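Residue numbers (our numbering): 3 to 741.
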């Protein structure tokens, strides 16, 4: 019997462990004789440390050590190249000098016998500064934009003559957009437990990229990579914040080595606004020209993102503009503004979510100027190929997404004029926007062991921050091996497992899933070889290509019998089978095709015209994302992304004090995020898409695209409800109040 699991709504295999507390997160791995560390963060935004008042603090109860630049060991900080790190500049060398580069930078770490003692001592440690006024706002006259120097900077691209096309266009819009800085705020804070054994270091650390953390810490401490072990079986949410190895990991490893005992460090919520990255604030300008019948003639998209002064952080802010719509003249220009802040980081839907807000808002504004339905305008400019790369799409279902989404959402019930729809006294608006995200696919390896009891063990150094990696990989392995999911055990989150790319960028299912499948196929071949060599087997002496695997059994091609179960073959040999394989994709596929997911997002808002309260009553996303491995998990991914989009559109903003760069709302009371009462009806639909080019599983990924498109759909709905076009995020009550 053939077991079909891919495409089925299998419930989470790790669900019981999570709800019963059996799942262990970084801070749960307490060690014998463990001490506790607390970081002392800079209260100056720029300058240098002039004094550290250690003496009275060392006398406080339980204090074991205080480490600052005055006594910290000099670390190697060797070169290390990672997929997600900035390409230009040098990562923060923590406690290696007296310089303060941004507010909240670690300037000391206190180690004590209990967390209470460590916190009391850290709060009591007085640090003096020679402080200067930092520049933290890209609109500050002292801020100077520069050309990005990294190869991933996406600085300039052009086709045709966009400036002339705009000048000649009979209808045009030209708008600037300001998108706020956002901070990651997952449920689980960053945490690390560090333990040394001679010159070998073990870390239990919240990480979306354990092999990168292993290599990074080895480079910082001048160790062989194999001397560092990183463990992270579960992550309590991340959204990109754990893609990099931040300074707190170095600090806890430094402290553990200095005191000669295991040390645990957990960042508090406020500290997570300082040194673990953020979505950069962006300033953008979009100018679009069109004929009166709605054909786009020219697009200019200029973007400016913030970065730190010691590193260049770039993201794909403008990349979607080149391929989203058919237009003969397009020019994009991307610049960075170095500021006295910590380095930004990828945050869910990085680049595309910010860039698409500007593009989709401007396109909506153009639809009103042309008096053309927003969906019809997009349909009239649907490209037949990627005009930026001049190659066909591997698959593109945007039109189908709009058709299915519009029907399900009831778009036909929308009346076009702003302020024309009401529910009692409430203003009602409907908005729509496109979504897109590239298909990332990186080299990955996996290992599979088949045991004589009929079970299979899968190992890969991937991570799971919540989307269901354990479950989806179990489905792939179980279907490929032809056994029930209960007989598969997936183990992830260890740096000594076969290497995997970061758990982000919507690449895990495509990259890791393909590797798991390849390893299972290799294990099947090895089972067949053993059976062929066994005189007692019904396939003895057969050629490998004349043997097939059906439902966990080996049989000859064309044989109608059930065949020989693989567990019997293993029991006969007395040895388990271990197979190691890497993922594989046609090396020419990426060169020949443009590979992206696409989606159409619909939102309905209700606004009280007297007090300006905004509520997203319902939203729907229709996505073309290749093969859907688990529709239950996929729907959860998409609705979670939609909720993140509500936060981006209406709530999330990290406000910095211009005097010192202090995040003034670095706590959950003032950093607003959606809660249950903010969420209306959310729904995700999936368009059937068969794409044999993207990878062997035919999957594209959903984690990122689910957020992309939500904020502009909401902003466009707000304009439809009120007639007010708001060009900054978040949109607040004061933006829609009637004068």
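No residue lacks a Cβ here, since even glycine has one placed at the ideal position from N, Cα and C.
Keep in mind the model is a prediction, meaning the values are calculated, not measured.
If you run the structure through DSSP and keep just helix, strand and coil, what is residue i?
i, result
"residue 212", "helix"
"residue 732", "coil"
"residue 74", "coil"
"residue 155", "With a pLDDT of 47 at residue 155, under the threshold of 50, the modelled position of that residue is not reliable, and the figure given next carries that caveat. The answer is coil: DSSP assigns residue 155 none of H, G, I, E or B."
"residue 691", "coil"
"residue 531", "helix"
"residue 229", "helix"
"residue 192", "coil"
"residue 669", "coil"
"residue 738", "helix"
"residue 69", "strand"
"residue 125", "helix"
"residue 357", "helix"
"residue 270", "coil"
"residue 447", "strand"
"residue 150", "coil"
"residue 54", "strand"
"residue 714", "helix"
"residue 462", "strand"
"residue 583", "strand"
"residue 95", "coil"
"residue 10", "coil"
"residue 515", "helix"
"residue 472", "helix"
"residue 181", "strand"
"residue 328", "coil"
"residue 204", "strand"
"residue 722", "helix"
"residue 245", "coil"
Which term fits residue i, buried or exposed, when burial requires 16 or more other beta carbons within 10 angstroms of its beta carbon?
i, result
"residue 80", "exposed"
"residue 512", "buried"
"residue 735", "exposed"
"residue 348", "buried"
"residue 243", "buried"
"residue 149", "exposed"
"residue 155", "Low per-residue confidence applies at residue 155: pLDDT is 47, beneath 50, and the placement is therefore not dependable, though the value from the model is reported in the following sentence. When all chains shown are included, residue 155 counts as buried."
"residue 741", "Low confidence applies here, because residue 741 scores a pLDDT of 45, under 50, leaving its location unreliable; read the following figure in that light. When all chains shown are included, residue 741 counts as exposed."
"residue 187", "buried"
"residue 589", "exposed"
"residue 57", "exposed"
"residue 729", "buried"
Can you tell me where the alpha helix (DSSP H) with residue i in it begins and where it stops?
i, result
"residue 41", "Looking at the DSSP string, residue 41 is not in any alpha helix (DSSP H); the run it does join, the beta strand (DSSP E), is 37 to 43."
"residue 409", "400 to 411"
"residue 639", "633 to 652"
"residue 609", "Note, residue 609: premise wrong, no alpha helix (DSSP H); beta strand (DSSP E) at 598 to 609."
"residue 20", "17 to 22"
"residue 170", "164 to 170"
"residue 334", "Taken as a continuous stretch (DSSP letters only), residue 334 belongs to no alpha helix (DSSP H), being part of the beta strand (DSSP E) at 332 to 341."
Taking Cβ to Cβ, would you say residue i is nearer than 9 Å to residue j?
i, j, result
"residue 483", "residue 458", "yes"
"residue 296", "residue 369", "yes"
"residue 195", "residue 123", "no"
"residue 717", "residue 731", "yes"
"residue 77", "residue 316", "no"
"residue 373", "residue 418", "yes"
"residue 552", "residue 530", "no"
"residue 270", "residue 167", "no"
Using a threshold of 8 Å, is the CB atom of residue i nearer than that to any non-hydrogen atom of the ligand NAD?
i, result
"residue 145", "Only the bare structure without any ligand can be found here, which leaves the ligand NAD out of the picture."
Can you confirm whether residue i, when its beta carbon is compared against all beta carbons of chain D, has any partner nearer than 9 Å?
i, result
"residue 479", "Absent from the structure: chain D. Only one protein chain is present."
Return the first residue and the last residue of the beta strand (DSSP E) that residue i is part of.
i, result
"residue 432", "428 to 440"
"residue 555", "555 to 558"
"residue 108", "108 to 114"
"residue 1", "Here the chain covers residues 3 to 741 and nothing more, so residue 1 does not appear."
"residue 285", "284 to 292"
Q. For the 8 Å Cβ check, are there 3 or more pairs between the region 565 to 580 and the region 443 to 461?
A. yes
Q) Touching or not, the region 527 to 542 and the region 496 to 516, by the rule of three or more beta carbon pairs under 8 Å? A) Result no; under three Cβ-Cβ pairs closer than 8 Å.
Q: Report yes or no: do three or more beta-carbon pairs, one from the region 468 to 476 and one from the region 521 to 536, lie closer than 8 Å?
A: With the cut-off at 8 Å, the region 468 to 476 and the region 521 to 536 do not touch.
**Q.** Validate contact between the region 303 to 312 and the region 272 to 285 using beta carbons, cut 8 Å, 3 pairs
**A.** yes
Q. Would you say the region 357 to 371 touches the region 320 to 331, given that touching needs at least three Cβ pairs under 8 Å?
A. yes
Q: Spell out a yes or no on whether the region 335 to 346 and the region 128 to 145 are touching, meaning 3 or more CB-CB pairs, one atom from each, closer than 8 Å.
A: With the rule of 3 Cβ pairs closer than 8 Å, the region 335 to 346 counts as touching the region 128 to 145.
Q | the region 690 to 699 contacting the region 504 to 519, beta-carbon criterion three pairs below 8 Å | A | yes
Q) Do the region 37 to 45 and the region 112 to 131 meet, that is, are 3 or more Cβ pairs less than 8 Å apart? A) yes
Q: Could you say if the region 560 to 576 and the region 386 to 394 meet the contact criterion of at least three C-beta pairs nearer than 8 Å?
A: no
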